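Chemist: Here it is, the structure in full.
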Amino acid sequence: MKAGIWPIERINMGLRFTRVTENDAELLLTWRTSPEITKGMFTDLVNPSVGSQRRWIASLADRDDYRAYMICDDNTPVGFLCFADIDHHNRKCSTGSYIYERAARLKYGVTLHTYICNYVFHHLNMNKIVNQVMNANDKVVKLQLLHKTRLVGVLKQHIFKNGEFHDVHLFEQLKQDWLEQKQHFSLEQIAAAFDDWKSL
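The numbering of the sequence shown is this note's numbering, which starts it at 1395 and goes up by one.
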């Protein structure tokens, strides 16, 4: 098999993204307060509750700078994806995601980046993704480098959490650089995975 070419059996037909609804509040709260997830987050929830989670989800309807999705393996929710700091004038945004279920993480962890980038550049019509990743999230740092996302620099001792300072890695991905990379999935397949690709 040539480097960079994936056999057809590895194409992930079951990956789907559905906009978060208030019905997802309890599951999101469980994930978001899990030590495995929160260790890579800049902040922890204050007085977490299903009610506050529902109110946060309801508030998203009035925002054009943030979108939230459930990552699903077929119809089973396995993680969370968001597009944040959406700046339509400067055409840039940030992204955040986690896959809670270990089996799904192994299945989709590498390919998730492809879906995210194509949604940002082809659907949201952004020109640039800017992400900050805390050093506690070392696997995400490695994935960013694997996908040839440019490491702009490291903000030393930038976040204080759990009694210690953490470095933050700053990454950027330009649309022109992304389009020059080999694409392993058709745009039609990626578009079909998002329940809102047809509408803005």
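Quick reminder that beta carbons are idealized off the backbone N, C-alpha and C, glycines included.
Keep in mind the model is a prediction, meaning the values are calculated, not measured.
#1: Can you name, in chain order, every residue of its own chain whose Cβ lies under 6 Å from the Cβ of E1477, other than the five neighbours on each side?
#2: Could you give the distance in angstroms between the alpha-carbon of T1427 and the alpha-carbon of D1438?
#3: Report, in whole angstroms, the separation of the C-beta atoms of W1450 and F1515, which I expect to be a contact under 8 Å.
#4: Spatial neighbours of D1590 within its chain, please: C-beta separation below 7 Å, excluding the five flanking residues on both sides.
#5: Below 8 Å between beta carbons: does that hold for V1562 and Q1526?
#6: Between I1465 and F1559, what straight-line distance do the alpha-carbon atoms span, to the nearest angstrom?
#7: Does DSSP put E1558 in a helix, in a strand, or in coil?
#8: How about T1470 and H1578: are their beta carbons less than 8 Å apart?
#9: So, V1535 versus E1566, is the Cβ gap smaller than 8 Å?
#10: For H1517, which of helix, strand or coil comes out of DSSP?
#11: Please identify the residue among I1553, Q1570, N1519 whose C-alpha is closest to the C-alpha of T1543.
#12: Nearest-angstrom Cα distance between W1425 and Q1575?
#13: Do L1475 and S1453 come within 8 Å of each other at the CB atom, strictly closer than that value?
#14: Count the other CB atoms, across all protein chains shown, that sit within 10 Å of the CB of K1522; report buried if there are 16 or more and exposed otherwise.
#15: Sorted by chain position, which residues of the same chain lie with C-beta nearer than 6 Å to N1484's C-beta, five sequence neighbours on each side aside?
#16: Among all the DSSP beta bridges, which residues are the ones paired with D1481?
#17: Since L1537 is in the alpha helix (DSSP H), which residue starts that stretch and which ends it?
Modeler: Walking through what the data contain:
#1: Counting from 1 along the sequence shown, the entry for residue 1477 is found at position 83. Residue identity differs from the one stated: residue 1477 is Phe in this sequence, not Glu. Taken in chain order, the residues that qualify are R1461, C1487, T1489.
#2: For this step, residue 1427 is matched to residue 33 along the sequence shown. For this step, residue 1438 is matched to residue 44 along the sequence shown. About 8 Å.
#3: Reading the sequence shown from its first residue, position 56 is the one you call residue 1450. Reading the sequence shown from its first residue, position 121 is the one you call residue 1515. With a Cβ gap of about 27 Å, W1450 and F1515 do not count as contacting.
#4: Within the sequence shown, numbered from 1, the residue matching residue 1590 stands at position 196. Contacts found: R1413.
#5: The residue labelled residue 1562 in the question sits at position 168 within the sequence shown. The residue labelled residue 1526 in the question sits at position 132 within the sequence shown. In contact: V1562 and Q1526 (Cβ atoms closer than 8 Å).
#6: For the purposes of this step, residue 1465 is taken as residue 71 along the sequence shown, with counting starting at 1. For the purposes of this step, residue 1559 is taken as residue 165 along the sequence shown, with counting starting at 1. If I take the Cα positions, the gap works out to 31 Å.
#7: As a working mapping, residue 1558 is identified with position 164 in the sequence shown. Looking at E1558 - three-state DSSP - the assignment turns out to be strand.
#8: For the purposes of this step, residue 1470 is identified with residue 76 of the sequence shown, where counting begins at 1. For the purposes of this step, residue 1578 is identified with residue 184 of the sequence shown, where counting begins at 1. Against a cut-off of 8 Å, the Cβ pair of H1578 and T1470 comes out as no contact.
#9: The count along the sequence shown starts at 1 and reaches residue 1535 at position 141. The count along the sequence shown starts at 1 and reaches residue 1566 at position 172. Not in contact: V1535 and E1566 (Cβ atoms no closer than 8 Å).
#10: Residue 1517 sits at position 123 when you count from the first residue of the sequence shown. Note: H1517 maps to helix in three-state DSSP.
#11: Position 149 of the sequence shown, counted from the start, is the residue given in the question as residue 1543. Answer by Cα proximity: Q1570.
#12: For the purposes of this step, residue 1425 is identified with residue 31 of the sequence shown, where counting begins at 1. For the purposes of this step, residue 1575 is identified with residue 181 of the sequence shown, where counting begins at 1. If you take the alpha carbons of W1425 and Q1575, they lie about 33 Å apart.
#13: Mapped onto the sequence shown, residue 1453 falls at position 59. Mapped onto the sequence shown, residue 1475 falls at position 81. Contact: no.
#14: The residue given as residue 1522 occupies position 128 in the sequence shown. Burial state of K1522 is buried, judged by a 10 Å Cβ sphere holding 16 or more other Cβ atoms.
#15: Indexing the sequence shown from 1 puts residue 1484 at position 90. Cβ neighbours of N1484 beyond the five flanking positions: none.
#16: Translated into the one-based positions of the sequence shown, residue 1481 becomes position 87. K1486.
#17: The residue labelled residue 1537 in the question sits at position 143 within the sequence shown. For L1537, the uninterrupted alpha helix (DSSP H) run begins and ends at 1532 to 1540, by DSSP.
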